[in-house]
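**Q** Numbering (our numbering), first residue to last: 29 to 190. By construction, the Cβ of each residue, glycine as well, lies at the ideal position given by its N, Cα and C atoms.
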Amino acid sequence: MKAETMMKEYRQMKMELQVTKMQLSRFQGVSENEVISSMTFSHPDDSDRVQTSTLSDKTAKTALNYRKVMERENDEWYSFLLKRCRKLSDEIAFFEECVQGLSGSLPEIVMNLLEDGATWDEIAARHHVSRRTVGNYRKMALKELNVMYELRESCTVDYMLS
Numbered sequence: 029m030k031a032e033t034m035m036k037e038y039r040q041m042k043m044e045l046q047v048t049k050m051q052l053s054r055f056q057g058v059s060e061n062e063v064i065s066s067m068t069f070s071h072p073d074d075s076d077r078v079q080t081s082t083l084s085d086k087t088a089k090t091a092l093n094y095r096k097v098m099e100r101e102n103d104e105w106y107s108f109l110l111k112r113c114r115k116l117s118d119e120i121a122f123f124e125e126c127v128q129g130l131s132g133s134l135p136e137i138v139m140n141l142l143e144d145g146a147t148w149d150e151i152a153a154r155h156h157v158s159r160r161t162v163g164n165y166r167k168m169a170l171k172e173l174n175v176m177y178e179l180r181e182s183c184t185v186d187y188m189l190s
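Spelled out as structure tokens, the structure:
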């Protein structure tokens, strides 16, 4: 991910991370009714034919499949949430550390742009600079951030090729 993309999507990613963490903390899994509904509308295997199967065998197979489906669905959903949480958390942490590593007063200005939701005019007044200077600071910050992102990417490529 590029630095400019990250700057644009920072607030959205923070909100998504918060929601994902909430989902993980309150995880209950797929309900029994949802599994039954999905199994009701699914197509049976070709191996299980009504003509060769007795009623009790079919009931037992359905009960076993029900448990397997429910466990698999819950495991997959929890695993997805966990991976998503880790990915978002890692990406946000890397970005925030890069911003803190910017030169001069850029870290404070960039965080004002990202978190506070302040307009460029408000940031200009807060830092006693012109609006154009805020834009120049943003460009400088993006240049520095892009260098950091390129270093991370080249490190990843080096690892993958070694």
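Suppose the cutoff is 7 Å on Cβ atoms and the five residues either side in sequence are ignored; what does the same chain contact list for Val138 look like?
**A** Taking the sequence shown and counting its residues from 1, one reaches residue 138 at position 110. Around Val138: Val127, Leu130, Ala169.
**Q** Can you tell me where the alpha helix (DSSP H) holding Asn164 begins and where it ends?
**A** Counting from one through the sequence shown, the residue named residue 164 turns up at place 136. Start and end: 159-189.
**Q** Evaluate Met98 with the Cβ neighbour count: other Cβ atoms within 10 Å of its Cβ, from every protein chain shown; 16 or more gives buried, anything less gives exposed.
**A** Counting from 1 along the sequence shown, the entry for residue 98 is found at position 70. Looking at its Cβ environment, which holds 16 or more other Cβ atoms inside 10 Å, Met98 is buried.
**Q** Do Leu116 and Leu45 have their C-beta atoms within less than 7 Å of each other?
**A** Looking up residue 116 in the sequence shown gives position 88. Looking up residue 45 in the sequence shown gives position 17. Against a cut-off of 7 Å, the Cβ pair of Leu45 and Leu116 comes out as a contact.
**Q** Compare the Cα-Cα distances from Leu134 to each of Ile151, Asp118, Glu119 and report the closest residue.
**A** The sequence position of residue 134 within the sequence shown is 106, counting from 1. Out of Ile151, Asp118, Glu119, Ile151 has the C-alpha closest to the C-alpha of Leu134.
**Q** What residue does the alpha helix (DSSP H) around His156 start on, and which one ends it?
**A** Locating residue 156 in the sequence shown gives position 128, where the first residue counts as 1. Neither: His156 is in no alpha helix (DSSP H) and is coded neither H nor E.
**Q** Taking 8 Å as the threshold, find out whether the region 174-188 comes into contact with the region 30-46 through three or more Cβ pairs.
**A** These segments touch.
**Q** Short of 8 Å in beta carbon distance, which residues of its chain neighbour Arg159, apart from the five on each side in sequence? Order them along the chain.
**A** Locating residue 159 in the sequence shown gives position 131, where the first residue counts as 1. Spatial neighbours of Arg159 in its own chain (CB-CB distance under 8 Å, excluding positions within 5 residues in sequence) are listed in chain order as Trp148, Asp149, Ala152.
**Q** Below 8 Å on the Cβ atoms is my guess for Tyr187 versus Phe123; work out the distance and round it to an integer in Å.
**A** Position 159 of the sequence shown, counted from the first residue, corresponds to residue 187. Position 95 of the sequence shown, counted from the first residue, corresponds to residue 123. The Cβ separation is near 20 Å, so there is no contact.
**Q** Would you call Val185 buried or exposed, if buried means 16 or more other Cβ atoms sit within 10 Å of its Cβ?
**A** As a position in the sequence shown, residue 185 is number 157, starting the count at 1. Label assigned to Val185: exposed.
**Q** So, under 8 Å CB-CB, Met35 and Ile120 are touching, yes? Tell me the CB distance rounded to an integer number of Å.
**A** Looking up residue 35 in the sequence shown gives position 7. Looking up residue 120 in the sequence shown gives position 92. In fact, because the Cβ distance is near 12 Å, the residues do not count as touching under 8 Å.
**Q** Quick one: using the 10 Å Cβ neighbour count with 16 as the cut-off for buried, is Thr90 buried or exposed?
**A** The residue you call residue 90 lines up with position 62 of the sequence shown. Result: exposed.
**Q** Give the single residue among Leu52, Arg180, Glu136 whose Cα lies nearest to the Cα of Val162.
**A** Residue 162 sits at position 134 when you count from the first residue of the sequence shown. Cα-wise, what sits closest to Val162 is Glu136.
**Q** Taking the alpha-carbon of Arg166 as reference, which of Cys183, Gly132, Glu181, Arg180 has the nearest alpha-carbon?
**A** Your numbering for residue 166 matches position 138 in the sequence shown. Nearest C-alpha to Arg166: Gly132.
**Q** Roughly how many angstroms lie between the CA atoms of Ser53 and Arg100, to the nearest whole one?
**A** For the purposes of this step, residue 53 is taken as residue 25 along the sequence shown, with counting starting at 1. For the purposes of this step, residue 100 is taken as residue 72 along the sequence shown, with counting starting at 1. Near 19 Å, if we compare the C-alpha coordinates of Arg100 and Ser53.
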